[in-house]
Amino acid sequence: MTPIDDPCEECEEMMQPFLDGSLSEAEVARAQKHLETCSWCAKRYRFEEQLRHYVRVAVSEPMSPELKAKLAALRTPL
Amino acid sequence: MSDSAPTTADTRRLARDARDRVRFEEEALELSDQVYRVARRFVGSREEAEDLVQQTYERAFRSWRQFTPGTNLRAWLLRILTNLNIDRGRRQQRAPQTTSIDSEAGDYFLYDKLASQMPDENPDEERVLERLSQDSIVDALADVPHDFRDVIVLVDIGEFSYADAAQILDIPMGTVMSRLHRGRRILKKNLADTAVA
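Quick mapping for you: the protein sequence lines, in order, are chains A and B. Taken in order, the first sequence gives residues 70 to 147; the numbers are from my numbering. Taken in order, the second sequence gives residues 712 to 908; the numbers are from my numbering.
Spelled out as structure tokens, the structure:
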């Protein structure tokens with residue numbers, strides 16, 4: 070990623086790839102260095118991380134037992 | 712050899728075949744919760760998702776020999792499901808006017824928008840998150856255009872790798888990454904809109 074003049078703006082740009090683990094080591098180090106001193110960005114990173122978890126939980130709907138039974142019935146009889 | 716009685720080797724082969732098949736079916740069924748979880752967010756209703764999952768398993772059990780043991784069975788099942796979903800033509804139409812999202816809002820946008828409606832300056836992330844209801848998240852995801860939503864559902868909900876998502880959707884990995892990036896921003900934009908309404 071190309072460095073941007075405003076460190077918070079650069080940090081914002083790096084947030085998604087940072088949380089995805091797809092930044093280079095040097096970029097991770099740069100983001101971490103900024104996050105250690107900038108609670109403003111750190112809070113927004115934590116928000117994003119929790120949001121991802123919350124979204125996953127919120128939209129996960131369990132399968133009905135009826136469907137589970139239907140799928141089991143598709144098995145080849147022994 | 713074809714009209715003679717089965718040899719011991721034939722019998723063994725048949726037994727092995729039956730065993731492989733049973734094992735395949737068991738392993739596929741163990742993944743059904745995860746397959747359903749993705750299917751449910753690919754389509755608009757529970758009924759459609761159930762139909763889709765059932766058809767996926769019917770096809771998977773019919774063509775089980777095409778699966779290469781040792782490869783990712785969950786991704787293989789999702790590939791079948793995705794193809795069936797396309798065949799059924801039940802995908803939503805691409806929603807227009809999503810191209811300006813990136814320039815409109817960065818990744819801090821949702822936090823900033825929600826926090827701006829709260830009395831404290833720079834409130835803690837947990838309190839900001841509480842402003843989003845489960846229903847609003849379900850609706851906001853459903854409103855993401857399907858090209859973007861499919862990638863979010865596979866990677867963020869189904870926890871597939873970029874490579875698996877690329878294979879399932881038959882698109883390049885770079886496209887997975889760019890759609891994921893933009894899709895998440897669209898999702899956050901939708902969430903900000905529902906929270907404000």
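Built from N, CA and C at the ideal position, the CB exists for glycine as well.
At a cut-off of 7 Å between beta-carbon atoms, A:SER129 makes contact with chain B. With a contact defined as Cβ atoms closer than 8 Å, A:GLU117 and A:LEU88 qualify at about 6 Å. The C-alpha of A:ALA141 lies about 49 Å from the C-alpha of B:PRO834. With a cutoff of 7 Å on beta-carbon distance, A:MET132 and B:ASP744 are scored as near each other. From the beta-carbon of B:GLY817, the residues of chain A found nearer than 7 Å are GLU81. Within the same chain, and ignoring the five residues on either side of B:ASP831 in sequence, no residue has its Cβ closer than 6 Å to its Cβ. B:GLN845 counts as exposed, since fewer than 16 other beta carbons sit within 10 angstroms of its beta carbon. Rounded to the nearest whole angstrom, the C-alpha separation of A:ARG121 and A:THR106 is 24 Å.
Taking the Cα positions, A:ALA138 is about 43 Å away from B:TYR822.
Residues of the segment 83–108 of chain A with a Cβ closer than 7 Å to any Cβ of chain B, in chain order: MET84, GLN85. Non-local beta-carbon contacts of B:ALA851 in its own chain, meaning distances under 7 Å to residues more than five positions away in sequence, involve LEU898, ASN901, LEU902, THR905 in chain order. Assigned with DSSP and collapsed to three states, B:ASP835 falls in coil, not helix or strand.
Put simply, the CB of B:ASP744 is near chain A, with a gap under 7 Å to one of its CB atoms.
Between the beta-carbon of A:VAL128 and that of B:ARG752 there is about 6 Å, and that keeps the pair under the 8 Å contact cut.
With contacts defined by Cβ atoms closer than 7 Å, B:VAL862 and B:VAL887 form a contacting pair.
Leaving aside the five residues that flank B:LEU784 on each side, the residues in its chain whose CB is nearer than 7 Å to its CB run, in chain order, GLU738, ALA739, LEU742, PHE778. When DSSP assignments are scanned along the segment 70–132 of chain A, the uninterrupted stretches of alpha helix (DSSP H) that are 4 or more residues long and fall wholly within it turn out to be 76–89, 94–106, 108–127. Between the beta-carbon of B:GLN878 and that of B:ARG790 there is about 7 Å, and that keeps the pair under the 8 Å contact cut. B:TYR819 sits in coil when the DSSP states are folded into three classes, being neither helix nor strand. For B:PHE778, the closest Cβ of chain A is not nearer than 7 Å.
For the alpha helix (DSSP H) assignment, the uninterrupted runs of no fewer than 4 residues enclosed by the segment 744–799 of chain B are, from N- to C-terminal side, 757–773, 784–798.
Chain A has no Cβ within less than 7 Å of the Cβ of B:HIS857. Judged by DSSP in its simplified three-state form, B:PHE859 adopts helix. Taking the CA atoms as reference points, A:VAL97 sits about 13 Å from A:GLU81.
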